[in-house]
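J.: Residue numbers (the working numbering), protein chains in the order written: chain Z, 1 to 367; chain U, 1001 to 1082. Cβ atoms here follow ideal geometry from the backbone N, Cα and C, with glycine treated the same way. The structure displayed is predicted, hence computed values, not measured ones.
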Amino acid sequence: ITEGNPKWEKKDLTYSIENYTPDLAKEDVDNAIRKAFKVWSDVSPLTFTKISQGEADIKISFNYGDHNDNSPFDGPNGILAHAFQPGPHIGGDAHFDEDENWTKDHRNYNLYRVAAHEFGHSLGLGHSSDIGALMFPSYAFSDPNDIQLSQDDIDGIQAIYGPSDNVIQPTGPTTPQACDRKLTFDAATTFRGEKMFFKDRFYLRKSPYDSEAEVNFISLFWPSLPHGIEAAHEVAEKDIVRFFKGNKYWVIRGLDVLPGYPKNIHNTFGFPKTVQKIDAAFSDEYTGKTYFFVQNKYWRYDEQRRSMDADFPKLITNDFPGIGSKVDAVFSDNEFIYFFRGTRQYKFEPQKKRVVAVLKSNSWFNC
Amino acid sequence: FPAHLETKQQDLEIVQNYLEKFYDLKTEGVRIAKKKGSSPVVEKLKKMQKFFGLKVTGKPDDETLKVMKQPRCGVPDVSQFA
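1. Please classify Z/V167: is it buried, with 16 or more other beta-carbons within 10 angstroms of its beta-carbon, or exposed?
2. Excluding the five sequence neighbours on either side, which residues of its own chain have a C-beta within less than 8 Å of the C-beta of U/K1047, listed in chain order?
3. Quick check: Z/E230 and Z/F244, are their CB atoms within less than 7 Å of each other?
4. Z/Y203 CB to nearest chain U CB: under 7 Å?
5. Answer with yes or no whether the minimum CB distance from U/G1074 to chain Z is below 7 Å.
6. Taking Cβ to Cβ, would you say Z/K35 is nearer than 7 Å to Z/Y112?
7. Residues of chain Z with CB closer than 9 Å to the CB of U/S1079, please, in chain order.
8. For chain Z, find out if any of its Cβ atoms is closer than 7 Å to the Cβ of U/P1060; answer yes or no.
9. Locate the beta strand (DSSP E) running through Z/W299, then write down its first and last residues.
10. Kindly list, in the order they appear in chain Z, the residues whose Cβ is closer than 9 Å to that of U/V1067.
11. Measure the CB-CB distance between Z/N366 and Z/L183 and report whether it falls below 7 Å.
12. Give the straight-line distance between the Cα atoms of Z/T171 and Z/V327, rounded to the nearest whole angstrom.
13. Quick check on U/P1071 - is its C-beta less than 7 Å from some C-beta in chain Z?
14. Three or more beta-carbon pairs under 8 Å between the region 330–340 of chain Z and the region 268–285 of chain Z, yes or no?
15. Here's the rule: buried if 16 or more other CB atoms are within 10 angstroms of the residue's CB, otherwise exposed. What is Z/K353?
16. On the DSSP bridge assignment, give the partners of Z/A188 in chain order.
17. Buried or exposed: where does Z/G88 fall if 16 or more other Cβ atoms within 10 Å of its Cβ makes it buried?
18. Which chain U residues are close to Z/I131, counting only those with a beta carbon under 9 Å from its beta carbon?
19. Grab the span of the alpha helix (DSSP H) containing U/T1027 for me, first residue to last.
20. Flag Z/L80 as yes if its beta-carbon sits less than 7 Å from any beta-carbon of chain U, otherwise no.
21. What residue does the alpha helix (DSSP H) around U/V1078 start on, and which one ends it?
22. Out of curiosity, what's the CA-to-CA distance linking Z/G324 and Z/K7?
23. Z/Y109 versus chain U: which residues are under 8 Å apart at the beta carbon?
24. Just how far apart, CA to CA, sit U/K1026 and U/K1044?
25. Starting from Z/D99, trace the alpha helix (DSSP H) both ways and give me its first and last residue.
26. With a Cβ-Cβ cutoff of 7 Å, do Z/N267 and Z/N247 count as a contact?
As structure tokens, this is what we get:
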């Protein structure tokens, strides 16, 4: 919340678009601005009405360089926009740098995304240090059609204006914290000597050279991957990582998602149609086998022959005793297999077929 | 200013401008070269690194510079927008 807790004393606010960027059609600008206000009206008692006559509470304009508000823009990139806290005259107004290229899609910079952030300031919010929040100061783009406020954004706006008038109060996602004792993972994999864990829209990355985990959006590395990856595994020999969601998979090498993906898991790996998702997967670099965990069974795929081994699937409990009948995530590292289920992690020694340690899921993050 | 030896002059300017704009670093009295640990730049840098979830070193390391070069909103992270 902005220092001094500035706020609008009324719930029904007006806005006006003072001028239009030539980068987009007029109706696209109108649409982006309307949607950006809706992001906030959906979670608060506020309403926003566009007016074309009289002085609006929130005036929106596109400006080049010095535009006489003591905060000149800096040309392309850098500062994209700014907005003023609630108040009379310039208060609440949002200015967009006309030196940027404004878009309605994934290209830099998506007007809807930036406007939704700026209107947070217009309503009295400051910047959030939560990387998953809309009010985080850096531009991070994900889905052009779906801006999801985080719980941090919702808590902020409702602290100023109270809860939404909706019977069912809106909620938003929270950003995973490496040292959260309740942290669980959707997927995990080794990646060029590092470990990567996946949760919702985020990855948590643990490098051997850094004692702390890095948390950021999956889209930062791989913009075309979906949220909520369900399984991932590295084939180190091929320098690739496969990501799975539903019956589709993607292959990445470094920062590149290889062309031609997503593909269907049934065609490539030979899963029967009854398998609709993979829970977890890892590759054994010594044998060239990849293990897929699906419900209470596992399958084994030969990376050289490119086919599923015979006599599979088998029951997880028979060959991996002690880890339970279902897993969330798994990877192999230094001759041990690490299975994750809920907040627990099982360090498994495959030679002796036994669990040698039960750890917290976030034990890799030096909490 | 205990900058990494390889930090370029241009990067130092980016750091100073960024901290002035977004972390309320006062230009007056700030000298780029100050004895280690006593510079207001270091304190502001630590504040910025903590805010962005970076390793808090007080030095303009690569990760910090990377964040500073990202496109962003012009409203400061600390103090009011005047």
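T.: The answer reads as follows:
1. exposed
2. Y1023, V1078
3. For Z/E230 and Z/F244, yes; Cβs fall inside 7 Å.
4. no
5. Cβ-Cβ to chain Z under 7 Å: yes for U/G1074.
6. Their beta carbons are under 7 Å apart, which means Z/K35 touches Z/Y112 by this criterion.
7. E3
8. no
9. 297–302
10. S138
11. No, the pair does not count as a contact, with Cβ atoms beyond the cut-off.
12. 28 Å
13. In terms of beta-carbon proximity, U/P1071 lines the interface with chain Z, with at least one pair separated by less than 7 Å.
14. yes
15. Here Z/K353 is exposed: its Cβ has fewer than 16 other Cβ atoms, across all protein chains shown, within 10 Å.
16. Its beta-bridge partners are Z/F197.
17. In the sequence on display, residue 88 of chain Z carries Pro and not Gly. Classification of Z/P88: exposed, given that the 10 Å Cβ count is below 16.
18. F1052, G1053
19. Where U/T1027 is concerned, there is no enclosing alpha helix (DSSP H), given that its DSSP letter is neither H nor E.
20. yes
21. It is not in any alpha helix (DSSP H) - U/V1078 carries neither H nor E in the DSSP assignment.
22. 52 Å
23. P1071
24. 10 Å
25. No alpha helix (DSSP H) contains Z/D99, which DSSP labels as neither H nor E.
26. Not a contact, by the Cβ cut-off of 7 Å.
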